[in-house]
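Per this note's numbering, the very first residue in the sequence shown carries number 21; after that it's consecutive.
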Amino acid sequence: MAEDVARRRLGRGLAALIGEAGGETATPDRRPPRRLSIAMLRPNPRNPRKSFDDGDLADLTASIRERGVVQAILVRPAPDGEGYEIIAGERRWRAAQKAGLHDVPIVVHEASDREALELALIENVQRADLNPLEEAIGYQQLIDEHGYSQSQLADVIGKSRPHIANTLRLLKLPDAVQAYVRSGALSAGHARALVTMADPHGAARRIVEEGLSVREAEQLAEGDGGRKATTRRA
């Protein structure tokens, strides 16, 4: 029961911990930010987000130079007692460094490894910051390490259960196809179509080389499925 309550609380997102962007007023559910040296912060090695788009980071850096860091970075005391580990806001931290800032607004939250992973995943999914495979790996971590069901994940993350199931299926794709997805050459829609194909690698190569749309990839999958059915009947 306590775990269900915690999951519902996490499902409300990060607003209860850091408030809306720019919020400075403390309430029972909102903690006032304080400023901390950038050098005291470190990234979370278990953050599901592994890649940061250079162009997006450059845009955020320019914005921070002009306006500063608008929304506080959520952190927890580092497990080894040295400084603080970022739970949510690593991209802001990276951009603030590039912008030449010496300190940033932070909110400290005492979080377990499990809650830190949950919050990092929620923030990235809600902001659409993850590529589809990073999202799938994050979901699988919560299932494997913390016993979530797909329905519980859907409730906490704010996505439908079919979305969770379809995203997890991407982990079944061959490594070469996953590389296309990570690089952005294939979208989540392309990848979902490839999951059902007999030769997803060959189909992925064709989609990339010919610049096929998601709908064209789906039609390719439908034809592939028809051929497989014919083979089975034969």
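Glycine included, each C-beta is placed from N, C-alpha and C at the ideal position.
Checklist line | Inter-residue spacing [alpha-carbon to alpha-carbon] between Q239 and T81 | finding: 41 Å
Note to self: Using only CA atoms, which one of T216, P52, R225 lies nearest to L206?
What the structure shows: R225
Item checked: Secondary structure of A196, DSSP reduced to three states -> helix
Next item on the list: Kindly list the residues whose CB is nearer than 7 Å to the CB of A26, restricted to its own chain and excluding five residues on each side of it in sequence; keep chain order.
Entry: Note that A26 scores 49 on pLDDT, short of 50, meaning its location in the model is unreliable and no value can be drawn from it.
Notebook entry, point to check: Between the C-alpha atoms of I58 and L121, what's the straight-line distance to the nearest angstrom?
Noted result: 8 Å
Item checked: For G158, the nearest candidate out of Q198, V89, K70, G101 (CA to CA) -> K70
Item checked: Residues near V234 by beta carbon distance below 8 Å, same chain, minus five either side -> S207, G209, H210, A213
Checklist line | Residues bridged to V95 (per DSSP) | finding: I106, V128
Check: With a Cβ-Cβ cutoff of 8 Å, do A136 and R96 count as a contact?
Finding: yes
Check: Are L193 and P220 closer than 8 Å when you measure CB to CB?
Finding: yes
Notebook entry, point to check: Excluding sequence positions up to five away, which residues of its chain have a Cβ less than 6 Å from the Cβ of A199?
Noted result: none
Next item on the list: Specify the secondary structure class of S169 as computed by DSSP and reduced to three states.
Entry: coil
Item checked: 7 Å Cβ shell around Y168 - same chain, five flanking residues per side excluded -> L162
Margin query: Going by the DSSP bridge assignment, what does R202 pair with across the sheet?
Written below: Its beta-bridge partners do not exist; DSSP assigns none.
Margin query: Whole angstroms are fine: how far does the CA of V124 sit from the CA of M60?
Written below: 10 Å
Check: Quick one, are the C-beta atoms of R85 and A140 less than 8 Å apart?
Finding: no
Item checked: Exposed unless 16 or more other CB atoms sit within 10 angstroms - verdict on L191 -> exposed
Checklist line | Three-way DSSP call (helix, strand, coil) for L240 in this model | finding: helix
Next item on the list: Reducing DSSP to helix, strand and coil, say where L61 ends up.
Entry: strand
Check: By DSSP, does D74 sit in helix, in strand, or in coil?
Finding: helix
Margin query: What would DSSP say about D79, mapped onto helix, strand or coil?
Written below: helix
Check: Candidates A218, E165, L232, L173: which alpha carbon is nearest R66's?
Finding: E165
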